[in-house]
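S.K.: Attaching a single structure in structure tokens format; questions to follow.
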Amino acid sequence: MATKQRKPAGAGRTSSRVEATTVELPGVTAEFHRPDHYVPTRDDLAGAADSVRGYLPSRTMMVYYGGLGALAALSVIEWPVAAAIGVGAAVAQRSGNSE
1 MATKQRKPAG AGRTSSRVEA TTVELPGVTA EFHRPDHYVP TRDDLAGAAD
51 SVRGYLPSRT MMVYYGGLGA LAALSVIEWP VAAAIGVGAA VAQRSGNSE
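If you're matching positions, the sequence shown starts at 1 in UniProt numbering and goes up one per residue.
Structure below.
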């Protein structure tokens with residue numbers, strides 16, 4: 001038989017209406033709780049976006065990488081050569097900016 005129980009106010013972290021369902025079977029009793037989800041705030045999302053922007057290349061480098069990808073897709077150059085050129089350009093740009 002399934003029964004619903006409510007936790008007393010203040011028992012949960014933020015919600016006072018956390019429900020649980022208990023299922024009693026011969027030899028087994030299971031209790032299922034509603035998951036406690038964290039909803040990020042606008043500041044959390046803005047902070048995540050700012051940290052991601054720090055790792056993205058500049059617009060000119062994105063155009064450069066796009067051009068390499070297009071050349072590889074059109075078989076003008078082989079994809080391993082395009083990948084090597086792209087990685088080399090990324091490493092050179094990162095080491096050049098750190099000085």
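Backbone N, C-alpha and C fix where the C-beta goes; we use that ideal spot for every residue, glycine too.
If we require 3 or more residues per run, which beta strand (DSSP E) segments fall completely within the segment 5-88?
M.R.: 19-25 and 28-33
S.K.: Give a yes or no on contact between the segment 49-61 and the segment 31-39, applying the rule of three or more CB pairs nearer than 8 Å.
M.R.: Contact fails: fewer than three Cβ-Cβ distances are below 8 Å.
S.K.: Can you give me the C-alpha to C-alpha distance between Glu78 and Met61, rounded to a whole angstrom?
M.R.: 20 Å
S.K.: May I have the straight-line CA-CA distance separating Ala49 from Asp43, to the nearest angstrom?
M.R.: 10 Å
S.K.: Keeping to the same chain, check which residues put their C-beta closer than 7 Å to that of Gly86; ignore five residues upstream and five downstream.
M.R.: Cβ neighbours of Gly86 beyond the five flanking positions: Tyr65 and Leu68.
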